[in-house]
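Okay, so the sequence shown: first residue is -6 according to my numbering, each after it adds one.
For glycine and all other residues, C-beta sits at the position ideal for the given N, C-alpha and C.
Right, one structure below, let's go through it.
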Amino acid sequence: MNVLASFISDQLHEQQVDIAAAIAQPLWQKAAAFAAQAHAWEVPPDEVPPSFAQATRVAVTLTAVYHCQEAPVLATALLHNVLDKTDVSLDELEHQFGRLIASRVERLSHDPDLDEDVHLKRLQSCDWQTRLVKLADAAATLDDDGDDWEERIHKTMPVLDLAFGNEQPVLRAQRHLMALLENARMAA
């Protein structure tokens, strides 16, 4: 029993060190500050904007559940809805964060002229990091208190098609999303 406890303790310590390192990165902090400021108009000054809170849940899911601490991925997660929900332009995003992050955010943004199925098909051609942000976004949406269970399940099921590849964070995301879906089905 002591061996198992020691192993778990070591694993938790390693996760905490990785999370602390990711949080300390200037890019992550810059993205968090930018997203918070961009979403600030949504609510009175003393409240947390819902879009920023959701983006934060996506970033926390990436680090704590999927064990992905790559600064550009975390920045993408924090910024993934700024083009949809704010007046931030793609050019401004690219100027502040570079082409890679801006293009990932653009791919994750919903084009109102596109059907959701077309949007998901476009995401299938993206790198695993962009798809991982979408998987974490789906997990955060499924775990939200918003729409009814059936609607959240219906929205989440097609996103599972993005969970392909052998990258460990993607495999963790797939398991996590499948478990959330199973729990949602039982609650529905």
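The C-beta separation of residue 156 from residue 54 comes to about 14 Å, leaving the pair out of contact by the 8 Å criterion. Non-local C-beta neighbours of residue 151 in its own chain, meaning closer than 6 Å and more than five positions away in sequence, comprise 113, ordered along the chain.
For residue 74, the closest alpha carbon among the candidates 101, 60 and 59 is that of 101. Secondary structure note for residue 161: its alpha helix (DSSP H) is the uninterrupted segment 161 to 180. Scanning 143, 116, 180 and 121 for the CA closest to the CA of residue 59 turns up 121. In the displayed model, residue 105 falls within coil according to three-state DSSP, outside both helix and strand. Comparing alpha-carbon positions, the option among 118, 46, 72 and 31 lying closest to residue 21 turns out to be 72. Residue 83 is a Cβ neighbour of residue 76, given a cutoff of 8 Å.
Counted as a single uninterrupted DSSP element, the alpha helix (DSSP H) harbouring residue 90 occupies residues 83 to 90.
Between the beta-carbon of residue 64 and that of residue 125 there is about 14 Å, and that puts the pair past the 8 Å contact cut. For residue 93, the closest of 69, 108 and 109 by C-alpha to C-alpha distance is 69. A Cβ-Cβ contact shorter than 8 Å links residue 146 with residue 178.
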